[in-house]
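Numbering (full-length UniProt numbering), first residue to last: 1 to 313.
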């Protein structure tokens, strides 16, 4: 269990460092980021223009606003995901595509307890000082301070803002995520002796991330708007359906693809990095364990690090 926990943390941290700038561009504020910017007065023409504008106005560090929150929650999220996925597959018994989906979905649902407050803090941190190299007024010192202030003002309900939409996104999203990765790694025939093992792992991980996001992206748009709502002191939406209704009326169905390009651009390198890092770490560590235990011919090492049947939890 400790080995999988360490692998998940290392892989997840690598993924956060690679993907956070893309997540900043995808954005959270209705006036300053692609996903929820004001349709009547858009500040950005597209993904690359948004990148250029943030770097020019806020320096390159503007792309890493709010990174403290995902880094803080990384350990807990990976522990929950790996543990639930492994236990669910053992309970289900058979390694079938349906069971892979169900186990992934259960992991996605349970980790929302950490994911939702973490993303809320990241959202609020990304709102500070938009368009400024040096923020004149910072409401939050860091991600933890952000959550504390929200809790003091709104209680438990406040720090869990967007929980329902997070559940609606993460549950099927993780199901697709684990299922796609399992099918791709098996079909590509990843083996330790394969000279193209690393490119195959990168491809499988990246495509799994893309498949997961495409399957749930409209829900993420609504979640982002609900978590950003009320920051200026005025609540625009009364709930999920009201947010859907207002968004459709003002912007049409295209609102549900707002920021999708930057999300998919982020999804491939993030998940490619995460899966490859986890797999190679486990491969190296388990080969070392086998060599220290026995002098006989080494056993083959499975290359599906998120497969519960091959992972000790």
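Ideal Cβ positions, reconstructed from N, Cα and C, are used throughout, including at glycine.
Residue range of the unbroken alpha helix (DSSP H) whose run includes residue 197: 197–228
Alpha carbon of residue 7 to alpha carbon of residue 214, nearest angstrom: 26 Å
Minimum C-alpha distance to residue 125 - residue among 149, 236, 260 and 90: 149
At least three beta-carbon pairs within less than 8 Å, the region 92–111 to the region 163–172: yes
Anticipated Cβ contact below 8 Å, residue 190 with residue 222, distance rounded: Contact doesn't hold; Cβ gap of about 36 Å is too wide.
Residue range of the alpha helix (DSSP H) that includes residue 243: 240–251
The alpha helix (DSSP H) enclosing residue 164, as first and last residue numbers: 163–188
Same chain, Cβ closer than 7 Å to residue 216, five either side skipped, listed in chain order: 169, 172 and 173
Reduced DSSP category for residue 191 - H, G, I as helix; E, B as strand; rest coil: coil
Outcome for residue 154 when other beta-carbon atoms lying within 10 angstroms are tallied against a minimum of 16: exposed
Integer Cβ distance of residue 237 from residue 246, believed to fall under 8 Å: 7 Å
Exposure label - residue 225; buried when at least 16 CB within 10 Å: buried
First and last residue of the uninterrupted alpha helix (DSSP H) at residue 142: No alpha helix (DSSP H) contains residue 142, which DSSP labels as neither H nor E.
Under 7 Å between C-beta atoms of residue 287 and residue 179: no
Residue 286, DSSP secondary structure in three states: helix
Proximity of residue 212 and residue 181 at Cβ, strictly below 7 Å: no
Between the CA atoms of residue 84 and residue 103 - distance to the nearest angstrom: 7 Å
Check whether residue 272 and residue 205 have beta carbons under 7 Å apart: yes
Residue 100: first and last residue of the uninterrupted alpha helix (DSSP H) it sits in: 97–110
The ligand NAP heavy atom lying under 6 Å from the CB of residue 229: Annotation note on the ligand NAP: not contained in the displayed structure, which lists no ligands.
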